[in-house]
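A.B. asks: The structure is given below, and queries will be raised subsequently.
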Ligand SMILES: *[C@@H]1O[C@H](CO)[C@@H](O)[C@H](O)[C@H]1NC(C)=O
Ligand SMILES: *[C@@H]1O[C@H](CO)[C@@H](O)[C@H](O)[C@H]1NC(C)=O
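Residue numbers (mature numbering (1 follows the signal peptide of the UniProt record, and there is no 0)): -21 to -1, 1 to 419.
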């Protein structure tokens, strides 16, 4: 008798617990740019937050096998298009990242069903009213204000404001004279771009300009989405800033756009090429793009290794110093060079190590503080490094730059057109280019 009463009691106590531990499809949340028709991106994406029946957000993966599932189809059965729809990515914090890549555009729209088991999640099904364009459809919005609204671009980017402080006006003539001799011969990694009527032209100055394939690709992608201002600029595709003169020096600094910056240089920074490239190539074989690594958070905090870690090539001498420090203080720091190119003579002394993941590392003495920094870093990265924010950033830099040009951009000798793709993968009918035909 007594034992049965006890069992009942336990069951009674366990029930509410079970209820609160189960995912509620209706209470769960879904949001993000991939649920909006107008946000044409290489890979569209949105988030799902698992919520319990009692309205509590999950802060870890719900127990058991994940049952969120997403089905995406053209709204009209008459339209067919290939859409790559992998499983939602578990970010191990109760949220999931859903990505999909469209290989063609649809005129009527898309239907997105988000399911948990066989139940609809949040407001599923989501209807994205067409046209919905894919990445390679050349269909720029003429009005940049409209485009920036659709992309929810922030009205200010503090870094951009700061970068342009030294350049109230931009003297293209001076740059045209100075840059080829001053920068391209010593550094050899400058690409000269002119954008006119949303077409992109460029010439390379120097030997090390292969990385222009990444800037070409980003500029072309941006120009397919929004009409770019007429602008002429120099892009430093090397991985070190080049302009160190101060605003009050004579002559003053010139505004070179770079993929890198520092507090003591004047280069105008853009998100670096590998972020840019991985954004464009997400879900196309790039393994460490910024969205997919969100599912890779490593072991739980308590199990992380209390040591700093560095792996990388020998592309800067400071890195070699780091390896020496690590040999002197192996308990604090594990630093190793993964490949030699610039300082080959040092390989014997410092040795070479294989590449490795860093998710197991970096949890130092001030545990609570370090965990807070890691969490905040993660949330800043998740916010700022989203693909649509990258496009906003590139656009803003070009816009600010264009506003300050003192003379008209021109197509210079030796520049060639960088064409938009014109193949099977880019076929689409852009409603902005022809009047939209009413349905017959
Ligand atoms: C639950 O999660 C969503 C999305 O992550 C967030 O916006 C909301 O503020 C959270 N609610 C609570 C009560 O923490
Ligand atoms: C930490 O690692 C141990 C041993 O591998 C494992 O049993 C434990 O579950 C881990 N802790 C967490 C919080 O993941």
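In this text, a Cβ means the ideal position worked out from N, Cα and C, and glycines have one as well. From a predicted model like this one, the values you see are computed outputs, not experimental measurements.
Can you tell me which of the three DSSP states residue 376 falls into?
C.D. replies: Of the three classes helix, strand and coil, the one that applies to residue 376 here is helix, per DSSP.
A.B. asks: Taking the C-alpha atoms as reference points, what is the distance between residue 244 and residue 161?
C.D. replies: Computed Cα separation, rounded: 16 Å.
A.B. asks: Within 10 angstroms of its Cβ, does residue 4 collect 16 or more other Cβ (buried), or is it exposed?
C.D. replies: Buried, because 16 or more other Cβ atoms sit within 10 Å of the Cβ of residue 4.
A.B. asks: Considering residue 203, what are the terminal residues of the alpha helix (DSSP H) in which it resides?
C.D. replies: Note, residue 203: alpha helix (DSSP H), 191 to 204.
A.B. asks: Taking the alpha carbon of residue 97 as the point to measure from, which residue in 65, 48, 121 and 127 has its own alpha carbon closest?
C.D. replies: The option with the nearest alpha carbon to residue 97 is 48.
A.B. asks: Can you tell which of 101, 23 and 374 has its C-alpha closest to the C-alpha of residue 199?
C.D. replies: Measuring from the Cα of residue 199, the nearest candidate turns out to be 374.
A.B. asks: From the DSSP output, in three-state form, read off residue 310 for me.
C.D. replies: In the structure shown, residue 310 sits in coil (DSSP, three-state: anything other than H, G, I, E or B).
A.B. asks: Among all the DSSP beta bridges, which residues are the ones paired with residue 2?
C.D. replies: Answer by DSSP bridge pairing, in chain order: 31.
A.B. asks: Whole angstroms is fine: what's the gap from residue 387's alpha carbon to residue 317's?
C.D. replies: C-alpha separation (whole angstroms): 46 Å.
A.B. asks: Go ahead and label residue 323 buried or exposed: buried means 16 or more other beta carbons lie within 10 angstroms of its beta carbon, across all protein chains shown.
C.D. replies: Exposed, since its Cβ has fewer than 16 Cβ neighbours within 10 Å.
A.B. asks: So residue 140 is in the alpha helix (DSSP H); what residue range does that whole segment cover?
C.D. replies: Counting along the chain, the alpha helix (DSSP H) containing residue 140 begins and ends at 137 to 143.
A.B. asks: Measure the beta-carbon distance from residue 179 to residue 384 and round it to whole angstroms, keeping in mind my assumption that it falls under 8 Å.
C.D. replies: In fact, because the Cβ distance is near 17 Å, the residues do not count as touching under 8 Å.
A.B. asks: Could you check how far apart the C-beta atoms of residue 151 and residue 255 are, in whole angstroms? I think they sit under 8 Å.
C.D. replies: About 25 Å separates the two Cβ atoms, so there is no contact after all.
A.B. asks: Using a Cβ-Cβ cut-off of 6 Å (strictly less than) and excluding sequence neighbours within five positions of residue 400, which residues of its own chain qualify?
C.D. replies: Here the set comprises 115.
A.B. asks: Leaving out five residues on either side along the sequence, give the residues of the same chain with a beta carbon under 7 Å from the beta carbon of residue 250.
C.D. replies: Here the set comprises 369 and 372.
A.B. asks: Comparing alpha-carbon positions, which option in 247, 51 and 62 lies nearest residue 94?
C.D. replies: Minimum Cα distance to residue 94 is reached at 51.
A.B. asks: Ligand 1 and residue 36: does any heavy atom of the ligand fall closer than 6 Å to the residue's C-beta?
C.D. replies: Residue 36: yes, Cβ under 6 Å from ligand 1.
A.B. asks: Verify whether the separation of the beta carbon atoms of residue 240 and residue 220 is less than 7 Å.
C.D. replies: Yes.
A.B. asks: Distance check for residue 312 and residue 306, CA to CA, integer angstroms please.
C.D. replies: Between residue 306 and residue 312, the C-alpha separation is close to 8 Å.
A.B. asks: Considering only DSSP beta bridges, list what residue 237 is partnered with.
C.D. replies: DSSP lists 215 and 248 as partners of residue 237.
A.B. asks: From what residue to what residue does the alpha helix (DSSP H) around residue 155 run?
C.D. replies: Here the alpha helix (DSSP H) through residue 155 covers 151 to 158.
A.B. asks: Is residue -7 helix, strand or coil by DSSP?
C.D. replies: Residue placement at residue -7 is poorly supported in this model, since its pLDDT is 40, which falls under 50; the coordinates are not used for a value here.
A.B. asks: To the nearest angstrom, report how far apart residue 175 and residue 11 are at their CA atoms.
C.D. replies: About 33 Å.
A.B. asks: Please check if any C-beta of chain B sits within less than 7 Å of the C-beta of residue 117.
C.D. replies: Among the protein chains of the structure shown there is no chain B, as only one such chain exists.
A.B. asks: Let me check one thing: in DSSP terms, what residues is residue 287 bridge-paired to?
C.D. replies: For residue 287, which the question treats as bridged, DSSP gives the partners 312.
A.B. asks: Terminal residues of the continuous alpha helix (DSSP H) containing residue 92?
C.D. replies: Run containing residue 92: none in the alpha helix (DSSP H); it sits in the beta strand (DSSP E), 88 to 95.
A.B. asks: Let me know the secondary structure DSSP gives residue 365 once reduced to three states.
C.D. replies: Correct three-state label for residue 365: coil.
A.B. asks: At what residues does the beta strand (DSSP E) containing residue 48 begin and finish?
C.D. replies: That run of the beta strand (DSSP E) goes 47 to 53.
A.B. asks: Quick one: grab the DSSP three-state call for residue 16.
C.D. replies: Note: residue 16 maps to coil in three-state DSSP.
A.B. asks: Report the three-state DSSP secondary structure of residue 125 (helix, strand or coil).
C.D. replies: Of the three classes helix, strand and coil, the one that applies to residue 125 here is helix, per DSSP.
A.B. asks: Spatial neighbours of residue 23 within its chain, please: CB distance less than 6 Å, with the 5 preceding and 5 following residues excluded, ordered by chain position.
C.D. replies: If we look at residue 23 and ignore the five residues flanking it on each side, its Cβ neighbours are 13 and 79.
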